[in-house]
Amino acid sequence: MPNSTFGTDGLLATTLKAYRTTLADNIFTSKILLWILNAAGSIENQDGGDKIVQPLMYAQAPNKGSYSGSDVFSTADNTGISAAEFPWRQYYGLFSIEGLERAKNQGKPALLKLLQTRLMQLEMTISEQMETMLWGDGSGNGQKDFYGLQTIVDSSDPSWGDFGGIDRTASTGAYWRAKETALGGALTLAAMSTMYNNVSEGNDHPSNILTDQDEYEAYEALVAAKLQVEDTKMGDAGFQNLMFKGAPIAFSANCPDGDVYFLNMQYIKLTKLSNVWFSPSELQQPTNQDVFYQHLLCYGNLNATNCARQGKITGAT
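With our numbering as the guide, the letters of the sequence shown map in order to residues 1 to 317.
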């Protein structure tokens with residue numbers, strides 16, 4: 001049942017609400033993929049709706065061209081615009097204090113110290129699990145997980161169906177397929193250059209490159225004799241990185257072994273339901289337990305607006 005008293009229980013009920021913004025900020029600055037999403041401005045709000053809907057532009061407008069005098073303009077139906085639809089996914093974090101713990105930490109200073117310890121634990125747990133989940137393919141926990149990079153950066157549909165409701169295997173689905181190269185050998189600058197160019201168009205290039213520790217160290221060895229430059233913003237946030245053709249390259253423990261991801265973050269979005277994002281519930285005390293619970297809820301999902309601008313090298317050794 002909800003607990004709405006104003007003594008120490010009131011402190012318990014209000015602390016997490018007050019800490020909500022700080023908690024979200026700390027989570028999205030602690031792991032490299034979470035940090036990149038935040039730094040790139042790729043976390044967006046949606047106020048509601050049955051699904052997350054992303055408009056897609058995959059071809060030029062049909063009615064254009066040079067003309068002379070009284071030539072008749074083309075008035076063909078507009079094509080080349082579609083939409084991808086993604087389901088909302090749900091995530092929670094549970095915060096609890098047993099009655100005996102509350103009794104042993106009487107007084108506001110002691111209770112606040114206990115709360116701060118629990119909040120730090122919750123931060124670390126959510127950060128690790130969210131980073132892991134956003135590297136996945138959305139099939140985890142019976143397809144309840146958020147979508148991840150392994151779904152977006154792929155040339156085929158995931159095992160559970162069409163990505164965003166669009167069939168990548170269809171002849172018309174090329175714009176929705178990421179580029180993939182199975183290397184099957186040592187990482188080379190030539191292979192990286194080819195993938196970088198494959199997912200570039202005009203002045204639109206990968207903004208970030210992510211890989212595992214082994215491939216990061218392999219790249220580090222390839223450029224050891226050259227002037228090594230890093231992205232200062234990423235470095236100031238505490239993440240090791242080097243540069244490749246203007247894109248910072250960093251490593252994550254959650255990246256699949258042997259993979260190198262070339263990401264254009266303007267087309268990758270973490271969409272959140274604006275009124276339910278690290279939203280704390282009321283403090284609850286079950287009638288059959290000597291414990292207080294409060295949970296944080298997140299409704300959202302990782303999605304994309306252009307998969308063809310994403311790529312990956314697999315099987316690097």
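Each residue gets a CB set at the ideal place from its N, CA and C atoms; glycine is no exception.
Rounded to whole angstroms, what is the Cα-Cα separation between S171 and V199? For this step, residue 171 is matched to residue 171 along the sequence shown. For this step, residue 199 is matched to residue 199 along the sequence shown. Whole-angstrom Cα-Cα distance: 19 Å.
So is D204 buried or exposed if we call it buried at 16+ other beta carbons inside 10 Å? Walking along the sequence shown from the start, residue 204 turns up at place 204. Exposed is the call here.
Nearest to I209 by CA position, among K245, L100 and E201, is which residue? Working through the sequence shown from its first residue, we reach residue 209 at position 209. Answer by Cα proximity: K245.
What are the start and end residues of the beta strand (DSSP E) that includes Y216? Residue 216 sits at position 216 when you count from the first residue of the sequence shown. Y216 -> not in any beta strand (DSSP E); alpha helix (DSSP H) instead, spanning Q213 to L222.
Could you pull the DSSP bridge partners for C261 from this structure? On the sequence shown, position 261 is the one that residue 261 refers to. Strictly speaking, residue 261 in this sequence is Tyr, with Cys absent from that position. Looking at the DSSP assignment, Y261 forms a beta bridge with L210 and K312.
If you follow the beta strand (DSSP E) that S96 is in, where does it begin and where does it stop? In the sequence shown, the residue the question calls residue 96 occupies position 96. Segment R89 to E98, the beta strand (DSSP E) holding S96.
Of the residues V229, T317, K272 and N306, the one placed nearest K51, counting alpha carbons only: Numbered from 1 along the sequence shown, position 51 holds the residue referred to as residue 51. When only C-alpha atoms are compared, the closest one is K272.
Whole angstroms is fine: what's the gap from D212's alpha carbon to P286's? Taking the first residue of the sequence shown as 1, we reach residue 212 at position 212. Taking the first residue of the sequence shown as 1, we reach residue 286 at position 286. Looking at the two C-alpha atoms, the distance is approximately 44 Å.
Distance check for Y196 and A59, CA to CA, integer angstroms please. Stepping through the sequence shown from its first residue, residue 59 is reached at position 59. Stepping through the sequence shown from its first residue, residue 196 is reached at position 196. Caution applies to A59, whose pLDDT of 47 falls short of 50 and renders its modelled position unreliable; the value that the coordinates give is listed next. Roughly 22 Å separates the two Cα atoms.
Would you mind giving the Cβ-Cβ distance between G148 and G164, rounded to the nearest angstrom? I have them listed as a contact below 8 Å. Taking the sequence shown and counting its residues from 1, the one referred to as residue 148 is at position 148. Taking the sequence shown and counting its residues from 1, the one referred to as residue 164 is at position 164. Not a contact, Cβ separation roughly 14 Å.
Simplified DSSP assignment, three categories, for A24: On the sequence shown, position 24 is the one that residue 24 refers to. Looking at A24 - three-state DSSP - the assignment turns out to be helix.
According to DSSP, is S4 helix, strand or coil? As a working note, residue 4 is residue 4 in the sequence shown. For S4, the predicted structure reports a pLDDT of 43, less than 50, and the residue's modelled location is therefore unreliable. A value from the coordinates is still provided. The answer is coil: DSSP assigns S4 none of H, G, I, E or B.
So for K113, helix, strand or coil by DSSP? Numbered from 1 along the sequence shown, position 113 holds the residue referred to as residue 113. DSSP places K113 in helix when its eight states are reduced to three.
Quick one: using the 10 Å Cβ neighbour count with 16 as the cut-off for buried, is E201 buried or exposed? Start at 1 with the first residue of the sequence shown, and residue 201 comes out as number 201. By the 10 Å Cβ count, E201 comes out exposed.
Quick one, are the C-beta atoms of L242 and Y261 less than 8 Å apart? Residue 242 sits at position 242 when you count from the first residue of the sequence shown. Residue 261 sits at position 261 when you count from the first residue of the sequence shown. No. Outside cutoff.
For the beta strand (DSSP E) containing T232, list its first residue and its last residue. If you number the sequence shown from 1, residue 232 lands on position 232. It is not in any beta strand (DSSP E) - T232 instead sits in the alpha helix (DSSP H) that spans T232 to D236.
Under 8 Å, do G300 and G258 count as touching if we go by C-beta distance? Your numbering for residue 300 matches position 300 in the sequence shown. Your numbering for residue 258 matches position 258 in the sequence shown. It is not a contact, given that the beta carbons lie outside the stated cut-off.
Does W35 come out as helix, strand or coil in the three-state DSSP assignment? The residue you call residue 35 lines up with position 35 of the sequence shown. In this structure, W35 counts as helix in the three-state DSSP scheme.
Might you give, ordered along the chain, the residues of its own chain that have their beta carbon closer than 7 Å to the beta carbon of G136, omitting 5 neighbours on each side? Residue 136 sits at position 136 when you count from the first residue of the sequence shown. Excluding residues up to 5 positions away in sequence, D145, G148 and Q150 lie with their Cβ nearer than 7 Å to the Cβ of G136 in the same chain.
Quick one: using the 10 Å Cβ neighbour count with 16 as the cut-off for buried, is E215 buried or exposed? Along the sequence shown, read from residue 1 onward, the residue named residue 215 stands at position 215. Label assigned to E215: buried.
Excluding the 5 residues flanking S279 on each side, which residues of the same chain have their C-beta closer than 6 Å to its C-beta? The residue labelled residue 279 in the question sits at position 279 within the sequence shown. Hits under 6 Å: L297.
Got a sec, what are the start and stop residues for the beta strand (DSSP E) L227 sits in? Numbered from 1 along the sequence shown, position 227 holds the residue referred to as residue 227. No beta strand (DSSP E) contains L227, which DSSP labels as neither H nor E.
Short Cβ contact (8 Å threshold) for Q284 with F95: Position 284 of the sequence shown holds residue 284. Position 95 of the sequence shown holds residue 95. Result no, Cβ atoms of Q284 and F95 do not sit closer than 8 Å.
Secondary structure of L302, DSSP reduced to three states: Residue 302 sits at position 302 when you count from the first residue of the sequence shown. The answer is strand: DSSP assigns L302 an E or B state.
If distances are taken between C-alpha atoms only, which option among S68, M133, S281 and P87 comes closest to A253? Here residue 253 refers to the residue found at position 253 of the sequence shown. Minimum Cα distance to A253 is reached at M133.
Just mark E217 as buried or exposed, buried being the case when its beta carbon has 16 or more other beta carbons within 10 Å. On the sequence shown, position 217 is the one that residue 217 refers to. So E217 ends up on the exposed side.
Neighbourhood of L122 by C-beta distance below 7 Å, restricted to the same chain and skipping five residues each side: Indexing the sequence shown from 1 puts residue 122 at position 122. The residues are G93 and F95.
Do A83 and Q54 have their CB atoms nearer than 8 Å? As a first step, residue 83 is located in the sequence shown; it is residue number 83 there, counting from the start. As a first step, residue 54 is located in the sequence shown; it is residue number 54 there, counting from the start. Yes, the Cβ-Cβ distance between A83 and Q54 is below 8 Å.
Cutting at 7 Å between CB atoms, please list the residues of its own chain near T29, excluding the five before and the five after it. One-based indexing of the sequence shown puts residue 29 at position 29. Closer than 7 Å at the Cβ level, and outside the excluded window around T29, lie W35, N38 and A237.
Contact check, I32 vs A250, beta carbons under 8 Å: Counting from 1 along the sequence shown, the entry for residue 32 is found at position 32. Counting from 1 along the sequence shown, the entry for residue 250 is found at position 250. Yes. Within cutoff.
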